[in-house]
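>
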Amino acid sequence: MPIASAIVRYIGGEDASGQLYTGLNMGEDVVISRLIAAAYSVSGIDNVTIELSQDGSTWTSGNVAIAPQEVALTFYSLIEVYAA
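All letters in the sequence shown, in the order written, are residues 4 to 87 by this note's numbering.
1) For residue 85, which of helix, strand or coil comes out of DSSP?
2) Taking its Cβ as the centre, do 16 or more other Cβ atoms sit within 10 Å of residue 48, making it buried, or is it exposed?
3) When you compare only the Cα positions, how much space is there between residue 57 and residue 35?
4) Between the C-alpha atoms of residue 53 and residue 18, what's the straight-line distance to the nearest angstrom?
5) With DSSP collapsed to three states, give me the class of residue 27.
6) What does a CB cutoff of less than 6 Å around residue 82 pick up in its chain, not counting 5 residues either side in sequence?
7) Are the CB atoms of residue 15 and residue 74 within a distance shorter than 9 Å?
8) Considering only the alpha carbon of each residue, which of 60, 45 and 71 lies closest to residue 84?
Written as structure tokens, this is what we have:
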């Protein structure tokens, strides 16, 4: 499973094949350590750095708070993975 698919499964959204995943519940924060764990669940991964953005211009390496009536959602096409 590619890293981007593991991240989509954790957060929720659509992966490369068009499969939809429920992911996090309403009001549940996106926790960076859980994203790192999802990335490490992929075979062959030795090092991970993750940055998150809600608007595509402001980035954080910390958790993203989700309001009580909101749901986190992402798409495979929005996730960038770089190999070193």
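For each residue, glycine too, the CB sits at the ideal point set by N, CA and C.
The model shown is predicted, which means the values in this text are computed figures rather than measured ones.
Short version:
1) In this structure, residue 85 counts as coil in the three-state DSSP scheme.
2) So residue 48 ends up on the exposed side.
3) Cα-Cα distance, rounded: 14 Å.
4) A direct Cα-to-Cα measurement between residue 53 and residue 18 gives close to 18 Å.
5) Three-state DSSP puts residue 27 in coil, outside helix and strand.
6) Once the five neighbours on either side are set aside, the close Cβ partners of residue 82 are 7 and 10.
7) The Cβ atoms of residue 74 and residue 15 lie closer than 9 Å to each other.
8) Ranked by Cα distance from residue 84, the first of 60, 45 and 71 is 45.
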